[in-house]
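So the sequence shown is numbered by our numbering: it starts at 27 and just counts up by one.
Glycine included, each C-beta is placed from N, C-alpha and C at the ideal position.
Reviewing the structure listed below.
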Amino acid sequence: MPDPAALAEELAAAGWDRVALHRHAEEARAAGAGWPHRVPAELLAGLSAAQFAAALRAVTLEWRLTPTERRVRHGGTDRPTPADQRLLRDLPPHFGKL
Numbered sequence: 027m028p029d030p031a032a033l034a035e036e037l038a039a040a041g042w043d044r045v046a047l048h049r050h051a052e053e054a055r056a057a058g059a060g061w062p063h064r065v066p067a068e069l070l071a072g073l074s075a076a077q078f079a080a081a082l083r084a085v086t087l088e089w090r091l092t093p094t095e096r097r098v099r100h101g102g103t104d105r106p107t108p109a110d111q112r113l114l115r116d117l118p119p120h121f122g123k124l
């Protein structure tokens with residue numbers, strides 16, 4: 027796994043210290059852009075998805091780049107759609123219906 031401390035040092039050397047990255051993350055969220063941003067494939071060469079996810083998670087937690095509140099997407103309706111209702115009625119055979 028990449029060393030999160032080394033990754034943080036590289037980011038800081040490139041001008042993305044904790045304050046700059048935090049400000050950018052807040053601006054991206056406020057603008058509705060995805061955060062964290064997608065990383066180009068060429069920067070991920072030699073890393074597995076799990077290694078990258080672990081390093082990203084470590085840095086975002088250490089630098090407190092996660093949102094202060096969780097946002098839940100809402101479909102705009104409080105009632106289940108007909109498809110949702112069908113799924114709710116569909117029970118497995120062993121669920122007590124004989």
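Check: 4 or more residues per run - each alpha helix (DSSP H) lying fully within the segment 49-124; Outcome: 75-88 and 108-115
Check: 8 Å Cβ shell around residue 48 - same chain, five flanking residues per side excluded; Outcome: 89, 90 and 91
Check: C-beta contact flag for residue 30 and residue 75 at 8 Å; Outcome: no
Check: Status (buried if at least 16 other CB within 10 Å, exposed otherwise) for residue 85; Outcome: buried
Check: Coil, strand or helix - residue 34 by DSSP; Outcome: helix
Check: 7 Å Cβ shell around residue 78 - same chain, five flanking residues per side excluded; Outcome: 70
Check: Residue 46 - DSSP class collapsed to helix/strand/coil; Outcome: helix
Check: Cβ shell of residue 132 (< 8 Å), same chain only, five flanking positions each side left out; Outcome: The displayed coordinates of the chain run from 27 to 124. Any statement about residue 132 would go beyond what the structure contains.
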